[in-house]
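In the order they appear, the protein sequences are chains A and D. Residue 59 in numbering that gives the first Met the number 0 sits at position 60 of the first sequence, with consecutive numbering throughout. Residue 630 in numbering that gives the first Met the number 0 sits at position 631 of the second sequence, with consecutive numbering throughout. Virtual Cβ for every residue (Gly too), placed ideally from N, Cα, C. The structure appears below as structure tokens.
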Amino acid sequence: MAGQAALRQALKELIIQELDLRAHTPEAIEDDAPLFGAGLGLDSLDALQLAMAIEDRFGVEVPEGEEAKPAFASIAALARFIEARLPPP
Amino acid sequence: MSRHDAFAVTGVGAVTALGAGAEPMYARLLAGEQRLTTPRSFDVAEQRCRVAAVLSPEVERRLEPLLEAGWSRSDAMAKLAAEEALADAGHPRVDGLIVGATTGGMLEAEPLLATAPEALLTRESVLASYPTSSTARRLSELLPDLERQLTLCSACSSSALAILQAARWLRQGLARCVLVGGTDALCRLTFAGFDALGALDTHASRPFDAARAGLSLGEGAAFLVLVPRAAARAGAARVRAWLVGGAEGGEAHHITQPEPSGRLQARLVTEALGSAGWAPEDVDYVNAHGTGTPHNDGAELRGLGEALGAHAARVLVSSSKPQLGHTLGAAGALEAVVTVLALEQGVAPPTLGLTRPELPGAVDYVVGHGRRAPLRAALSSSFGFGGTGAVLAFAAAEPEPSPAPPLDEVYVSAFVTTEGGPADPLALLEPARSRRFDRASAWLGALGERLLERAALPAAERRALGLVVAQAHGNVGRTAALLRRLHEQGPRRLPPAEFPHLLPSAAVSNAAIYLGLEGAAVSTSAGALGLEASLSVGRCLLLTGERAAALVGVCEPADELTARVFEAEGAARCGAELGLLLLLERRASVARRGAPALARLVVSELVERGRSAARLPEPRPGARLVTTSARAALERELEGSAWRGLLPLELAPGRPSGASGVPALLQGLALVAAGAPQVLCVNVQREGCGLYLLEAPG
Numbered sequence: 000m001a002g003q004a005a006l007r008q009a010l011k012e013l014i015i016q017e018l019d020l021r022a023h024t025p026e027a028i029e030d031d032a033p034l035f036g037a038g039l040g041l042d043s044l045d046a047l048q049l050a051m052a053i054e055d056r057f058g059v060e061v062p063e064g065e066e067a068k069p070a071f072a073s074i075a076a077l078a079r080f081i082e083a084r085l086p087p088p
Numbered sequence: 000m001s002r003h004d005a006f007a008v009t010g011v012g013a014v015t016a017l018g019a020g021a022e023p024m025y026a027r028l029l030a031g032e033q034r035l036t037t038p039r040s041f042d043v044a045e046q047r048c049r050v051a052a053v054l055s056p057e058v059e060r061r062l063e064p065l066l067e068a069g070w071s072r073s074d075a076m077a078k079l080a081a082e083e084a085l086a087d088a089g090h091p092r093v094d095g096l097i098v099g100a101t102t103g104g105m106l107e108a109e110p111l112l113a114t115a116p117e118a119l120l121t122r123e124s125v126l127a128s129y130p131t132s133s134t135a136r137r138l139s140e141l142l143p144d145l146e147r148q149l150t151l152c153s154a155c156s157s158s159a160l161a162i163l164q165a166a167r168w169l170r171q172g173l174a175r176c177v178l179v180g181g182t183d184a185l186c187r188l189t190f191a192g193f194d195a196l197g198a199l200d201t202h203a204s205r206p207f208d209a210a211r212a213g214l215s216l217g218e219g220a221a222f223l224v225l226v227p228r229a230a231a232r233a234g235a236a237r238v239r240a241w242l243v244g245g246a247e248g249g250e251a252h253h254i255t256q257p258e259p260s261g262r263l264q265a266r267l268v269t270e271a272l273g274s275a276g277w278a279p280e281d282v283d284y285v286n287a288h289g290t291g292t293p294h295n296d297g298a299e300l301r302g303l304g305e306a307l308g309a310h311a312a313r314v315l316v317s318s319s320k321p322q323l324g325h326t327l328g329a330a331g332a333l334e335a336v337v338t339v340l341a342l343e344q345g346v347a348p349p350t351l352g353l354t355r356p357e358l359p360g361a362v363d364y365v366v367g368h369g370r371r372a373p374l375r376a377a378l379s380s381s382f383g384f385g386g387t388g389a390v391l392a393f394a395a396a397e398p399e400p401s402p403a404p405p406l407d408e409v410y411v412s413a414f415v416t417t418e419g420g421p422a423d424p425l426a427l428l429e430p431a432r433s434r435r436f437d438r439a440s441a442w443l444g445a446l447g448e449r450l451l452e453r454a455a456l457p458a459a460e461r462r463a464l465g466l467v468v469a470q471a472h473g474n475v476g477r478t479a480a481l482l483r484r485l486h487e488q489g490p491r492r493l494p495p496a497e498f499p500h501l502l503p504s505a506a507v508s509n510a511a512i513y514l515g516l517e518g519a520a521v522s523t524s525a526g527a528l529g530l531e532a533s534l535s536v537g538r539c540l541l542l543t544g545e546r547a548a549a550l551v552g553v554c555e556p557a558d559e560l561t562a563r564v565f566e567a568e569g570a571a572r573c574g575a576e577l578g579l580l581l582l583l584e585r586r587a588s589v590a591r592r593g594a595p596a597l598a599r600l601v602v603s604e605l606v607e608r609g610r611s612a613a614r615l616p617e618p619r620p621g622a623r624l625v626t627t628s629a630r631a632a633l634e635r636e637l638e639g640s641a642w643r644g645l646l647p648l649e650l651a652p653g654r655p656s657g658a659s660g661v662p663a664l665l666q667g668l669a670l671v672a673a674g675a676p677q678v679l680c681v682n683v684q685r686e687g688c689g690l691y692l693l694e695a696p697g
């Protein structure tokens, strides 16, 4: 689980950086809080930007549109989505 | 536009994927021709979408000599369309020129910006054609009687807003014959940017269809010649149709996504009907914005339904974008030409690719081929990134004249500048609502907020404010950074959220959304005379009562590359940015608030060199003259006017960028505050001459 925690932390930092969430700290983003709509207030443009950033950073292909919704539900969901697709260490 | 206004369209011209010439284009539209091909101006091999409505081979051949002579593609296209419109109108004495555009010379500058941005500064022809204002400057060489030129950007509604501004010039006596239009050459940045947003249909756009999957980009230019009623009656040119109404505004919702209920569309259609004096039942045809993106078309149809009620189902509606492509800054003028020809010929053009409407029966869709129908009244809609749009109303026949109300008076009621502000203007804004803002966006948001706090406008008046701000080149540094990434990593790795922030109108859009302003947000491009361009547009908005108040000013991006572009263009170099935002108000608005205004803005104009003296009333006793320009240039400009005899207060030459007029205007306001009855501020630059005449508010 240490890997999961590190991945979540990395994702929080990535989101803050890529989506210009400059008022947020990684500590203040909850693992299970919704990223879109309420929660962090992200929108579809952010989803596109985030998908590209994740592909760049982790080499993991992110689906588009409706298919991406479950993966983008929260930091925890995103971490699970990425971990399941990362090549084994 | 106001209730009684009517202007004759006496000439039209267009170059598009459907060839050279407005009438041949219209015949091909009616026949259902579609020619989407692979762009040749740049490489699209790695894009998801690889087709667009690029100029026909016939147009390409006609462009060649101009391109060889150093014209940018946008400028060259505009020349062909403008010359056609002028010939069509019988070569009238054009005294006003307005161009709406978003890309300017981006296509030619892209290879430099992507690899060696500094090289842009020394490549004279590329640099000269880089700003969107290059087109008007080039076209002005064709127009010996030209008195004023203007370049506007409000993303994909740019040239529709340009047409409404042309109507204001004619109505307010600032011009007697206006050439107005739009031009945008397709470039890598546009193509890769829209593709990164997932906004392009890989085959062809299918507006209003349930399975629509995005837009098809296009390129083209279109121009119209507009004259007032009296000139139309006296002139030899045939009147093709009448511009009888229109409205512009914004929704302050999101930089790329339209507000889904179509509230803005409904409001603008309702206002356009009101200005034309029409009931919903009078509308026969609507040339929709109809991009073919899932978000746009639904919102647009809902807005039409809201505004037209039960009659919506009987209105012929089509989008010309599957055939012409989405031509961005040119789309408003191009679709205005289409609408004019529909009225003239009594045939509505079709929407291609529409087989199963998402909202069947919402309107009467014209599909496949043109449909003959008695068309008397038609609307043309345009909307763009940032949520700014315009709806134009055209009629086949001249409407009954009705008396024109007198022009209002315009006051400067407050101003704020960036001077003395924090090092980082973002610190003044709410972080969650100012994401991805560049410094210009941040300054405009912060200045706007301070100005609005000070003015304490009622909520409804605050919401209705227009925002007009000069931004000559967009943010060149940010554009170069994205182009470098495109060059190094290819189009599939382009960060999608970045692209919408590169438009010349991005900063005004960002600020309008931040401030919740629902008047139109528009940027002007006029080189060193940006402030003058914006202020003249803002004053026009108020003179005929379209707006009670507007925020106007200048705030150029402070990135190093933008500053150096201004410097290379000949503007003076200065360390820091200088932004200024003013609140302009109509007399009634000032009186209602009971707040003292700073000055009455009697004249606020940007004219061609040597045209100033005719614009000025006699100086009053005690009048003062302020300038940042050299004495010789000032005297040449005021030749033949009694103002030439006044001893000018000479200030140090203006700041770099479009803010060159700021010191003189601020000095003028200070002199009025100190008791001067009348102050003339003159700013003579390469691009023209800026004039402000301020008087004590009384």
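**Asked** Can you tell which of Tyr-25/D, Ala-229/D, Ala-271/D, Leu-300/D has its C-alpha closest to the C-alpha of Gly-245/D?
**Response** Comparing Cα-Cα distances from Gly-245/D to each of Tyr-25/D, Ala-229/D, Ala-271/D, Leu-300/D, the minimum goes to Ala-271/D.
**Item:** Burial state of Gly-10/D (16 or more Cβ within 10 Å)
**Value:** Per the 10 Å Cβ criterion, buried.
**Message:** Please list, in chain order, the chain D residues whose beta carbon lies closer than 9 Å to that of Leu-18/A.
**Reply:** In chain order: Arg-434, Arg-435, Ala-496.
**Item:** Cβ-based burial, Arg-239/D [other Cβ within 10 Å; buried from 16]
**Value:** Classification of Arg-239/D: buried, given that the 10 Å Cβ count is 16 or more.
**Message:** Under 8 Å, CB to CB, which of the residues in the stretch 248-278 of chain D have a partner in chain A?
**Reply:** For the stretch 248-278 of chain D, which is checked against every Cβ of chain A, the residues closer than 8 Å are His-253, Ile-254, Thr-255, Gln-256.
**Message:** In chain order, what are the residue ranges of uninterrupted alpha helix (DSSP H) at least 4 long that sit wholly in the stretch 50-103 of chain D?
**Reply:** For the alpha helix (DSSP H) assignment, the uninterrupted runs of no fewer than 4 residues enclosed by the stretch 50-103 of chain D are, from N- to C-terminal side, 56-67, 72-87.
**Asked** If you run the structure through DSSP and keep just helix, strand and coil, what is Ser-132/D?
**Response** Reduced to three states, the DSSP call for Ser-132/D is helix.
**Prompt:** Closest by CA to Ala-700/D, which one among Leu-633/D, Leu-605/D, Gly-644/D?
**Reply:** Because chain D is modelled from 0 through 697, residue 700/D falls outside the range shown and cannot be assessed.
**Request:** Count the other CB atoms, across all protein chains shown, that sit within 10 Å of the CB of Ala-439/D; report buried if there are 16 or more and exposed otherwise.
**Result:** By the neighbour-count rule (16 or more Cβ atoms within 10 Å), Ala-439/D is buried.
**Prompt:** Gly-180/D by DSSP, collapsed to three states: which one?
**Reply:** Three-state DSSP puts Gly-180/D in a strand.
**Segments of 4+ residues assigned as alpha helix (DSSP H) that fall wholly inside the stretch 451-515 of chain D** = Taking only runs of at least 4 residues, the alpha helix (DSSP H) segments lying wholly in the stretch 451-515 of chain D are 458-462, 475-488, 505-514.
**Asked** Once you ignore the five residues that flank Ala-220/D on each side, which residues in its own chain have a CB closer than 6 Å to its CB?
**Response** For Ala-220/D, same chain residues with a beta-carbon under 6 Å away, outside a window of 5 residues either side, are Val-14, Met-76, Ala-77, Ala-80, Thr-182, Ala-329 in chain order.
**Under the three-state DSSP convention, the category Arg-147/D falls into** = Three-state DSSP puts Arg-147/D in a strand.
**Prompt:** How big is the Cα-Cα spacing for Gly-574/D and Val-521/D?
**Reply:** Annotation note: pLDDT 45 at Gly-574/D (below 50); position unreliable, coordinate value reported separately. Here the alpha carbons of Val-521/D and Gly-574/D stand approximately 27 Å from one another.
**Message:** Using a Cβ-Cβ cutoff of 8 Å, what residues of the stretch 31-53 of chain A are near chain D? List them in chain order.
**Reply:** Considering only beta carbons, the part of the stretch 31-53 of chain A lying closer than 8 Å to chain D consists of Gly-40, Asp-42, Ser-43, Leu-44, Asp-45, Leu-47, Gln-48, Met-51, Ala-52, in chain order.
**Prompt:** Whose Cβ in chain A lies nearer than 7 Å to the Cβ of Leu-196/D?
**Reply:** The answer, in chain order, is Leu-47.
**Asked** Among the residues of its own chain, which have a CB less than 7 Å from the CB of Ala-68/D, if the five just before and after it don't count?
**Response** Counting only Cβ-Cβ distances below 7 Å, and skipping sequence neighbours, we find nothing.
**Request:** Would you mind sorting Gly-697/D into buried or exposed? The rule is 16 or more other CB atoms within 10 Å of its CB.
**Result:** Around the beta-carbon of Gly-697/D, fewer than 16 other beta-carbon atoms lie within 10 Å, marking it exposed.
**Item:** Span separating the alpha-carbon of Phe-698/D from that of Arg-72/D
**Value:** Nothing in the structure corresponds to residue 698/D, since chain D is present only between 0 and 697.
**Message:** I'd like to check one pair, Leu-151/D with Val-339/D: are the Cβ atoms closer than 9 Å?
**Reply:** Cβ distance not < 9 Å, so Val-339/D and Leu-151/D don't count as in contact.
**Item:** Boundaries (first-last residue) of the alpha helix (DSSP H) holding Val-337/D
**Value:** 330-344 is the extent of the alpha helix (DSSP H) around Val-337/D.
**Request:** Kindly indicate which three-state DSSP category Arg-572/D falls into: helix, strand or coil?
**Result:** Bear in mind that a pLDDT of 48 at Arg-572/D, under 50, signals an unreliable position, so the model cannot answer this.
**Request:** Output the distance between the C-alpha atoms of Lys-320/D and Ala-458/D, rounded to the nearest integer angstrom.
**Result:** Rounded to the nearest angstrom, the two C-alpha atoms are 38 Å apart.
**Prompt:** Considering only the beta carbon of each residue, do Asn-527/D and Ser-381/D sit closer than 9 Å?
**Reply:** Residue 527/D is actually Ala in this sequence, not Asn. No; because the gap between Cβ atoms is not below 9 Å, this pair is not in contact.
**Request:** Put Glu-584/D into one of helix, strand or coil per three-state DSSP.
**Result:** Three-state DSSP puts Glu-584/D in a strand.
**Asked** According to the Cβ coordinates, are Val-507/D and Gln-470/D closer than 9 Å?
**Response** Yes; because the gap between Cβ atoms is below 9 Å, this pair is in contact.
**Prompt:** Using a beta-carbon distance below 9 Å, is Ala-65/A in contact with chain D?
**Reply:** The question names Ala, but residue 65/A in the sequence shown is Glu. Proximity of Glu-65/A to chain D, defined by a Cβ-Cβ separation below 9 Å, is not satisfied.
**Prompt:** Which ranges does the beta strand (DSSP E) cover as unbroken runs of at least 3 residues, wholly within the stretch 204-249 of chain D, from first to last along the chain?
**Reply:** Counting whole runs of 3 or more residues, the stretch 204-249 of chain D contains the beta strand (DSSP E) stretches 219-227, 240-249.
**Asked** Identify the residues that DSSP records as bridge partners of Asp-363/D: which are they?
**Response** Leu-315/D.
**Request:** Answer yes or no: does any C-beta atom of chain D fall closer than 9 Å to that of Ala-22/A?
**Result:** Taking CB atoms only, Ala-22/A has a neighbour in chain D less than 9 Å away.
**Message:** Any beta carbon of chain A sitting closer than 9 Å to that of Leu-581/D?
**Reply:** No, Leu-581/D lies away from the interface with chain A (no Cβ there is under 9 Å from its Cβ).
**Message:** Taking 8 Å as the limit between beta carbons, can you name the residues of its chain near Thr-626/D, skipping five residues before and five after?
**Reply:** A distance below 8 Å between beta-carbons, with the five flanking residues on each side excluded, links Thr-626/D to the following residues of its chain, in chain order: Leu-633, Pro-647, Leu-648, Glu-649, Leu-650, Ala-663, Cys-680, Val-681, Asn-682, Val-683.
**Between the CA atoms of Leu-185/D and Glu-63/A - distance to the nearest angstrom** = Just so you know, the alpha carbons of Glu-63/A and Leu-185/D end up roughly 26 Å apart.
**Bounding residues of the alpha helix (DSSP H) (the contiguous stretch that carries Cys-680/D)** = Here Cys-680/D belongs to no alpha helix (DSSP H); instead the beta strand (DSSP E) covers 677-684.
**Request:** Using a Cβ cut-off of 9 Å (strictly closer), state whether Ala-431/D contacts chain A.
**Result:** Yes, because at least one Cβ of chain A sits closer than 9 Å to the Cβ of Ala-431/D.
**Request:** List the residues of chain A that Arg-492/D touches, going by C-beta distances under 9 Å, in chain order.
**Result:** Against chain A, the beta carbon of Arg-492/D has neighbours under 9 Å at Met-51, Glu-54, Asp-55, listed in chain order.
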